[in-house]
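J.:
Protein chains: 2
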Amino acid sequence: MDLRAGNPAGLRERTRRAVQAEIVATAMRLFLERGFEATTMEQIASEIGMSRRSLFRYFGTKEDIVLGDHAEHGEALRAALEARPAGETPWEALRAALKALFDSLPYSPEDFLKITSMLHASPSLRARQLEKRQKWTDLLVPDIVRRLGATTDPMTAVRARALAACALACSETATDAWVRSGGTIDMERAFDEAVAAVRG
Amino acid sequence: MDLRAGNPAGLRERTRRAVQAEIVATAMRLFLERGFEATTMEQIASEIGMSRRSLFRYFGTKEDIVLGDHAEHGEALRAALEARPAGETPWEALRAALKALFDSLPYSPEDFLKITSMLHASPSLRARQLEKRQKWTDLLVPDIVRRLGATTDPMTAVRARALAACALACSETATDAWVRSGGTIDMERAFDEAVAAVRG
DNA sequence: CTGAATCTGTCACACAGTGCCAGACTGGTA
DNA sequence: TACCAGTCTGGCACTGTGTGACAGATTCAG
Numbered sequence: 001m002d003l004r005a006g007n008p009a010g011l012r013e014r015t016r017r018a019v020q021a022e023i024v025a026t027a028m029r030l031f032l033e034r035g036f037e038a039t040t041m042e043q044i045a046s047e048i049g050m051s052r053r054s055l056f057r058y059f060g061t062k063e064d065i066v067l068g069d070h071a072e073h074g075e076a077l078r079a080a081l082e083a084r085p086a087g088e089t090p091w092e093a094l095r096a097a098l099k100a101l102f103d104s105l106p107y108s109p110e111d112f113l114k115i116t117s118m119l120h121a122s123p124s125l126r127a128r129q130l131e132k133r134q135k136w137t138d139l140l141v142p143d144i145v146r147r148l149g150a151t152t153d154p155m156t157a158v159r160a161r162a163l164a165a166c167a168l169a170c171s172e173t174a175t176d177a178w179v180r181s182g183g184t185i186d187m188e189r190a191f192d193e194a195v196a197a198v199r200g
Numbered sequence: 001m002d003l004r005a006g007n008p009a010g011l012r013e014r015t016r017r018a019v020q021a022e023i024v025a026t027a028m029r030l031f032l033e034r035g036f037e038a039t040t041m042e043q044i045a046s047e048i049g050m051s052r053r054s055l056f057r058y059f060g061t062k063e064d065i066v067l068g069d070h071a072e073h074g075e076a077l078r079a080a081l082e083a084r085p086a087g088e089t090p091w092e093a094l095r096a097a098l099k100a101l102f103d104s105l106p107y108s109p110e111d112f113l114k115i116t117s118m119l120h121a122s123p124s125l126r127a128r129q130l131e132k133r134q135k136w137t138d139l140l141v142p143d144i145v146r147r148l149g150a151t152t153d154p155m156t157a158v159r160a161r162a163l164a165a166c167a168l169a170c171s172e173t174a175t176d177a178w179v180r181s182g183g184t185i186d187m188e189r190a191f192d193e194a195v196a197a198v199r200g
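Going line by line, the protein sequences match chains A and B. For the first sequence, UniProt numbering begins at 1 and goes up steadily by one. For the second sequence, UniProt numbering begins at 1 and goes up steadily by one.
(1) Entirely within the stretch 44-109 of chain B and at least 4 residues each: give me those alpha helix (DSSP H) ranges in chain order.
(2) So, is the C-beta of alanine 86/A closer than 8 Å to a C-beta in chain B?
(3) Please list the partners that glutamate 37/A has in chain B, where partner means a Cβ-to-Cβ separation under 8 Å.
(4) Taking Cβ-Cβ distances shorter than 7 Å, what residues in chain B pair up with leucine 163/A?
(5) Identify the contact partners of leucine 77/B in chain A, using a Cβ-Cβ distance below 7 Å as the criterion.
(6) Suppose you measure from the CA of cysteine 170/A to the CA of arginine 52/B; what does that come to, to the nearest Å?
(7) Rounded to whole angstroms, what is the Cα-Cα separation between isoleucine 144/A and alanine 162/A?
(8) Can a CB atom of chain B be found closer than 8 Å to the CB of tryptophan 91/A?
(9) For threonine 173/A, decide whether its Cβ has a neighbour in chain B, counting only Cβ atoms nearer than 8 Å.
(10) Quick check for students: name the residue ranges of the alpha helix (DSSP H) that lie wholly in the stretch 117-170 of chain A, counting only runs of 4 or more.
(11) Measure the C-alpha to C-alpha separation of aspartate 111/B and valine 195/B and round it to an integer number of angstroms.
(12) Counting only beta-carbon separations shorter than 8 Å, does glutamine 20/B have a partner in chain A?
(13) Where does arginine 14/A land, buried or exposed, given buried means 16+ other C-beta within 10 angstroms?
(14) Would a check of beta-carbon distances place arginine 159/B closer than 8 Å to chain A?
(15) What is the DSSP secondary structure of threonine 184/B, counted as helix, strand or coil?
(16) Closer than 7 Å, Cβ to any Cβ of chain A: which residues of the stretch 125-152 of chain B, in chain order?
(17) Should valine 158/A and threonine 152/B be called a contact, given that it needs their Cβ atoms to be closer than 8 Å?
(18) Does alanine 177/B pass the burial test, meaning 16 or more other C-beta atoms within 10 Å, or should it be called exposed?
(19) Please determine, among Pro109/A, Arg78/A, Leu148/A, Glu92/A, the residue with the shortest C-alpha to C-alpha distance to threonine 184/A.
(20) Would you check if the distance between the CB atom of glycine 74/B and the CB atom of tryptophan 136/B is smaller than 8 Å?
(21) Closest Cβ-Cβ distance between alanine 25/A and chain B: below 8 Å?
(22) Looking at the structure shown, is phenylalanine 36/A part of a helix, part of a strand, or coil, going by DSSP?
(23) With burial defined as no fewer than 16 other Cβ atoms inside 10 Å of the residue's Cβ, what is the status of arginine 4/B: buried or exposed?
(24) For isoleucine 48/A, which residues of its own chain have a beta-carbon under 7 Å away from its beta-carbon, when the five flanking residues on both sides are left out?
(25) Could you name the residues of chain B that proline 123/A contacts, counting a contact when the two beta carbons are closer than 7 Å?
(26) Between the Cα of valine 179/B and the Cα atoms of Met118/B, Glu131/B, Leu168/B, which residue gives the shortest distance?
(27) Answer yes or no: do glutamate 131/B and arginine 126/A have a C-beta to C-beta separation smaller than 8 Å?
(28) Using a 10 Å radius around the Cβ and a threshold of 16 neighbouring Cβ atoms, would you call glutamate 72/A buried or exposed?
(29) Hey, is alanine 96/A's beta-carbon within less than 8 Å of any beta-carbon in chain B?
(30) So with Cβ pairs under 8 Å, would you call methionine 155/A a contact of chain B?
(31) Looking only at C-alpha atoms, which of Gln134/B, His120/B, Arg147/B, Thr116/B sits nearest to proline 123/A?
(32) Note down the Cα distance separating alanine 9/A from arginine 84/A, rounded to an integer number of angstroms.
(33) Relative to the C-alpha of proline 90/A, which residue among Arg147/A, Met28/A, Arg29/A is closest?
(34) Go ahead and label leucine 98/A buried or exposed: buried means 16 or more other beta carbons lie within 10 angstroms of its beta carbon, across all protein chains shown.
What follows is the structure, encoded as C-alpha cells:
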C-alpha cells in the first residue's frame, strides 16, 4: 500500500517535487519577462513541454505557482513563534519569529525585490496573497493566547488576533517601504519604527 | 458637451443610478439565497431582464456588485478622519472616524451580518475585499502624516502607514469577533480591547 | 428634423478552471 | 516472464468570467 516502502525518501514524491520546481522556475521567468497577467497557463505548459491539464494538476491556480510557498511559510512562522521562550511578550516573540522567517527565505534581495514588485503590479495576485496572509493570522492566534494567559475572558481571542494581525501589518508596512525605496532602507529598522508608532 | 446642463441633477446619471440599485438589490437577493459562487452573472441578468453584456457595463466584475460601495466608504472614512480636530492623537482620530463610518452604514444589523458572513464564505469575494481595504490605508496616510507632524524624517510615512493599517486590522478583528458571535457582542468594546492589546 | 453621443443586445473570443475517459507508465507479485 | 493495480498523462468538452467589435435603438441638443 505504502509506495514509499523500500524507496529512498519516496521516488514518486521526489519526482513530483522536481517537476514542481521546474514549473516554478519556468513560470517565474515568463512572469518576470512578460508580466503575470500577460502569461497564460498554456504558454507555461508548452514552454515546459507538458499539457495545460497536467500543469493544473501540479498547481490548482495560476497564483499558486507564485504563492505556493506562502502556505508553508505561514507554517514556518507559526513554528518559529512557538519556539520562542514563554517569557517573551507577544510583540517580542512575534518580532523574533518574523525575523527568523525572513532570514530563512531562499531568495536573493534582487529576486525578492522583483517578486514583491510583481505582487504589487498584479491585482489578482495581490488579492490572493492578502487572503493567504489572512490565514497566517489564524495560525498564530493559539500561541499568542497561550502567552496572554489562558483566562476564561472571551475577549482573549480578540486580543490575540489583533496582535497577530497588527504584527503582520507592521511587517507588511516595513516590506512595502523597503520595496518603495528600491531595497535601500533597513527593513528591520522600518519594522521597529512601525511598531513604535502603533504602540506610541 | 455637458449633458447635465439644463437637466435636474442629470437624467442619464439618475437612471444609471437607478439601474445600478436594481442590479444590486436583485443580485444580493440571489447571492443570499443560493450563495455568491453559485449565482452566475447570466442568472442575475435574466432575472432583471437585461443582457449579460450590459450587466458587465454596470459592474466590471461580479465582486463589484457586492463591494462597489467599498471604494466610496473608503473615501467617507478619509473625510471623517480629516474632519477630526487636529489635537487628537492618531488613534483617537482613527477610532472616531471608524465609528462615524459604521454609524453611517445603511444596513440593518441583520443585513450586515448576512453580508459579512457571505464575505467570509466566498474566497474570491474575501480576497477582493482585502484588496480594496488595502487601498483604504493609502487614503488615510496623508492625514496621519499631518497629525504626526510633517518632519523631514523619511520614516514618518512608515509610521503613518503602520497606524492606518493597524487601525483597520483592529476594526476587522472586532467585526470578525462580532460576526463569529452571531452579532451578540459589543463591537465597539471589542475594538477597544483589540487596540489595548496591541498598545499593551 | 438632424446629427452626435450614448445605451443596448448579439456574436465572437480569450482564458481560468474542472470532470471525464482512455492510454501509458510504474512498481510489486505470481 | 507475464500480470495486475495504482498513478500519471494528454485530450476533449464544458462552465463561467471578462472583453472587443459591430449594428440598431434611444436620447439629447441645435
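Ideal Cβ placement from N, Cα and C applies to all residues, glycine included.
T.: On the basis of the data shown:
(1) If only uninterrupted alpha helix (DSSP H) runs of at least 4 residues are considered, those enclosed by the stretch 44-109 of chain B are 52-58, 62-82, 90-104.
(2) As a first step, residue 86/A is located in the first sequence; it is residue number 86 there, counting from the start. False, the Cβ-Cβ gap to chain B never drops below 8 Å.
(3) What you label residue 37/A is simply residue 37 of the first sequence in a count that begins at 1. The premise fails here: glutamate 37/A is roughly 14 Å from chain B at the closest Cβ pair, so nothing lies under 8 Å.
(4) Counting from one through the first sequence, the residue named residue 163/A turns up at place 163. Ala197, Val198, listed in chain order.
(5) Here residue 77/B refers to the residue found at position 77 when the second sequence is read from its first residue. Residues of chain A passing the Cβ test: none, with the nearest at roughly 17 Å.
(6) Mapped onto the first sequence, residue 170/A falls at position 170. Mapped onto the second sequence, residue 52/B falls at position 52. Whole-angstrom Cα-Cα distance: 42 Å.
(7) On the first sequence, residue 144/A is found 144 positions in, with the first residue counted as 1. On the first sequence, residue 162/A is found 162 positions in, with the first residue counted as 1. Straight across, the Cα-Cα distance linking isoleucine 144/A with alanine 162/A is about 10 Å.
(8) The sequence position of residue 91/A within the first sequence is 91, counting from 1. By this cut-off, tryptophan 91/A is an interface position.
(9) Against the first sequence, residue 173/A aligns to sequence position 173. Threonine 173/A counts as touching chain B.
(10) 123-148
(11) Translated into the one-based positions of the second sequence, residue 111/B becomes position 111. Translated into the one-based positions of the second sequence, residue 195/B becomes position 195. One C-alpha to the other measures close to 27 Å.
(12) Residue numbering aside, residue 20/B sits at position 20 when the second sequence is read from its first letter. For glutamine 20/B, the answer is no, since every Cβ of chain A falls outside 8 Å of its Cβ.
(13) Locating residue 14/A in the first sequence gives position 14, counting from the first residue. Counting other Cβ atoms within 10 Å of its Cβ, arginine 14/A stays below 16 and is therefore classed as exposed.
(14) Start at 1 with the first residue of the second sequence, and residue 159/B comes out as number 159. Cβ-Cβ to chain A under 8 Å: yes for arginine 159/B.
(15) Your numbering for residue 184/B matches position 184 in the second sequence. For threonine 184/B, the three-state secondary structure derived from DSSP is coil.
(16) Arg126, Ala127, Arg128, Leu130, Glu131, Gln134
(17) Numbered from 1 along the first sequence, position 158 holds the residue referred to as residue 158/A. Numbered from 1 along the second sequence, position 152 holds the residue referred to as residue 152/B. Result no, Cβ atoms of valine 158/A and threonine 152/B do not sit closer than 8 Å.
(18) Counting from 1 along the second sequence, the entry for residue 177/B is found at position 177. So alanine 177/B ends up on the buried side.
(19) For the purposes of this step, residue 184/A is taken as the residue at position 184 of the first sequence. For the residues Pro109/A, Arg78/A, Leu148/A, Glu92/A, the minimum Cα distance to threonine 184/A belongs to Pro109/A.
(20) For the purposes of this step, residue 74/B is taken as residue 74 along the second sequence, with counting starting at 1. For the purposes of this step, residue 136/B is taken as residue 136 along the second sequence, with counting starting at 1. Closer than 8 Å, so yes.
(21) Locating residue 25/A in the first sequence gives position 25, counting from the first residue. Among the CB atoms of chain B, none fall inside 8 Å of the CB of alanine 25/A.
(22) Locating residue 36/A in the first sequence gives position 36, counting from the first residue. Looking at phenylalanine 36/A - three-state DSSP - the assignment turns out to be coil, as it is neither helix nor strand.
(23) Residue mapping note: residue 4/B aligns to position 4 of the second sequence, counting from 1. Any reading at arginine 4/B needs caution, since the residue's pLDDT is 36, under 50, leaving its predicted position unreliable; the model's value is listed next. The residue in question, arginine 4/B, is exposed, as its Cβ has fewer than 16 Cβ neighbours within 10 Å.
(24) Against the first sequence, residue 48/A aligns to sequence position 48. Result list for isoleucine 48/A: Glu22, Ile23, Thr26, in chain order.
(25) On the first sequence, position 123 is the one that residue 123/A refers to. What proline 123/A touches in chain B: Glu131.
(26) Start at 1 with the first residue of the second sequence, and residue 179/B comes out as number 179. It is Met118/B whose Cα lies nearest to the Cα of valine 179/B.
(27) Your numbering for residue 131/B matches position 131 in the second sequence. Your numbering for residue 126/A matches position 126 in the first sequence. Contact flag set, yes.
(28) Along the first sequence, read from residue 1 onward, the residue named residue 72/A stands at position 72. Burial call: exposed.
(29) The residue labelled residue 96/A in the question sits at position 96 within the first sequence. No, alanine 96/A lies away from the interface with chain B (no Cβ there is under 8 Å from its Cβ).
(30) Indexing the first sequence from 1 puts residue 155/A at position 155. Closer than 8 Å to some Cβ of chain B, the Cβ of methionine 155/A qualifies, so yes.
(31) Looking up residue 123/A in the first sequence gives position 123. Measuring from the Cα of proline 123/A, the nearest candidate turns out to be Gln134/B.
(32) Here residue 9/A is taken as the residue at index 9 of the first sequence, counted from 1. Here residue 84/A is taken as the residue at index 84 of the first sequence, counted from 1. Because the pLDDT at alanine 9/A is just 49, under 50, the model does not fix this residue reliably, and the point stays unresolved.
(33) On the first sequence, residue 90/A is found 90 positions in, with the first residue counted as 1. The option with the nearest alpha carbon to proline 90/A is Arg147/A.
(34) For the purposes of this step, residue 98/A is taken as the residue at position 98 of the first sequence. Under this definition leucine 98/A is a buried residue.
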